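To keep things clear, I will list the structure first and then write my remarks on it.
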Amino acid sequence: MNIWGEAATEDDCRLIGKQLNRKSVDPYGIIRRCSWGFPVAICQKIRPNGILHYGNLANPIWLTCPYLNDTIHGVENDGMIASINDFILNDRQAMESMQDAHAHFYYYRKHLYGNQCNESYSDSLIDNFNVGIGGIADTRFIKCLHLHFAHYMICDKNCVGYMIEQLLNKKINCKDGRCICLKD
């Protein structure tokens with residue numbers, strides 16, 4: 004698999020649209036599939052329909068799995084963003100790991116832009132690259148556990164994603180193949 008994921012089929016795009024409750028989805032690639040074969044995380048196109056989409060540039064990786072989105076939402080509702088953040092702020096190794104993860108995300112985003120847009124980036128885009136995971140300005144803090152978990156699928160330095168996996172007891176696949184009902 005390349006770092007952008009495998010190409011999405013038309014069926015994948017329809018299913019991802021249903022997973023995300025959107026009318027149309029046209030991912031750049033599928034980063035990971037579940038044990039049932041359904042998309043779990045995708046890499047977004049920076050220029051869907053030829054127009055630069057700053058949201059996709061800031062957050063090019065999306066978690067699409069309904070099971071994981073719901074489960075991680077529950078973890079967030081339990082106050083784990085603050086707990087995980089406190090742990091990282093007080094653990095030097097975790098802080099260094101997260102700085103490496105933010106650096107990976109920085110270069111991933113720049114490389115993705117170059118790969119998709121086939122051009123150098125302008126000075127006006129610099130601020131869009133000079134942010135951490137989730138577009139956060141201060142990389143000592145975390146914003147969204149979903150995004151960190153999706154990033155963890157391509158970067159094992161993201162210890163937030165690792166902690167989420169542990170909080171889920173490594174149960175990252177649903178038992179019932181719930182996306183089966185989303186298929187056409």
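Just so you know, the sequence shown maps onto residues 4 to 187 in the working numbering. Ideal Cβ positions, reconstructed from N, Cα and C, are used throughout, including at glycine. These numbers come from a predicted model, not from an experiment.
In chain order, what residues of the same chain have a beta carbon less than 6 Å from the beta carbon of residue i, not counting five sequence neighbours either side?
i	result
Asn161	Ala104, His151, His154 and Tyr155
Gly8	Gly32, Ile33, Ile34 and Cys46
Ile19	Val28, Pro42 and Thr67
Glu13	none
Lys59	According to the sequence provided, residue 59 is Asn. The question's Lys does not apply to it. Answer for Asn59: Gln47 and Ile49, listed in chain order.
Gln138	Sequence check: residue 138 is Gly here, not Gln. If we look at Gly138 and ignore the five residues flanking it on each side, its Cβ neighbours are Ala61.
If you follow the beta strand (DSSP E) that residue i is part of, which residue opens it and which one closes it?
i	result
Leu66	Ile64 to Leu66
Gly20	Here Gly20 belongs to no beta strand (DSSP E); instead the alpha helix (DSSP H) covers Glu13 to Leu23.
Mapping the DSSP letters down to three states, classify residue i as helix, strand or coil.
i	result
Gly58	helix
Ala153	helix
Val43	strand
Gly32	strand
Looking at C-alpha atoms only, which residue of the options is the closest neighbour of residue i?
i	options	result
Lys48	Asn118, Asn176 and Leu148	Asn118
Thr142	Gln102, Lys178 and Tyr116	Gln102
Ser38	Lys186, Cys184, Ile157 and Asp179	Asp179
Asn80	His56, Gly40, Cys147 and Asn24	Cys147
Asn176	Thr12, Leu23 and Ala44	Ala44
Tyr110	Leu55, Asn88 and Pro63	Pro63
Cys158	Asn121, His107 and Asn88	His107
Ser127	Tyr57, Asn24, Gly138 and Phe90	Tyr57
Ile136	Arg112, Ile129, Asp89 and Ile6	Arg112
Ile6	Cys120, Leu115, Met166 and Tyr165	Leu115
Asn145	Leu92, Arg50, Gly53 and Gly40	Per the sequence shown, residue 145 should be read as Ile rather than Asn. Closest option to Ile145, Cα to Cα, is Leu92.
Asn121	Gly53, Arg36 and Asn24	Gly53
Ser100	Lys173, Met166, Leu23 and Ser123	Met166
Which residues bound the alpha helix (DSSP H) around residue i?
i	result
Arg112	Arg95 to Cys120
Gly164	Cys162 to Leu170
Glu79	Pro69 to Asn80
Asp179	That residue, Asp179, is in no alpha helix (DSSP H); it is neither H nor E in DSSP.
Leu92	Met83 to Leu92
Asp130	Ile129 to Phe132
Could you give the C-beta distance for residue i and residue j, rounded to a whole number, given that I count them as a contact under 8 Å?
i	j	result
Val134	Ala61	7 Å
Pro69	Cys182	7 Å
Leu185	Lys26	14 Å between Cβ atoms; not a contact.
Met98	Leu170	Contact flag wrong, Cβ pair sits at about 19 Å.
Just to confirm my understanding: we take residue i, look at its own chain, exclude 5 residues before and 5 after, and list those with CB closer than 7 Å. What are they?
i	result
Asp15	Ile33 and Pro42
His149	Leu66, Asn72 and Ile75
Ala1	Only positions 4 to 187 of the chain appear in this structure, which leaves residue 1 out of reach.
If I measure Cβ to Cβ from residue i and keep anything under 8 Å in the same chain, skipping five residues before and after, which residues do I get?
i	result
Ala140	Val134
Arg95	none
Glu168	Phe152, Tyr155 and Ile175
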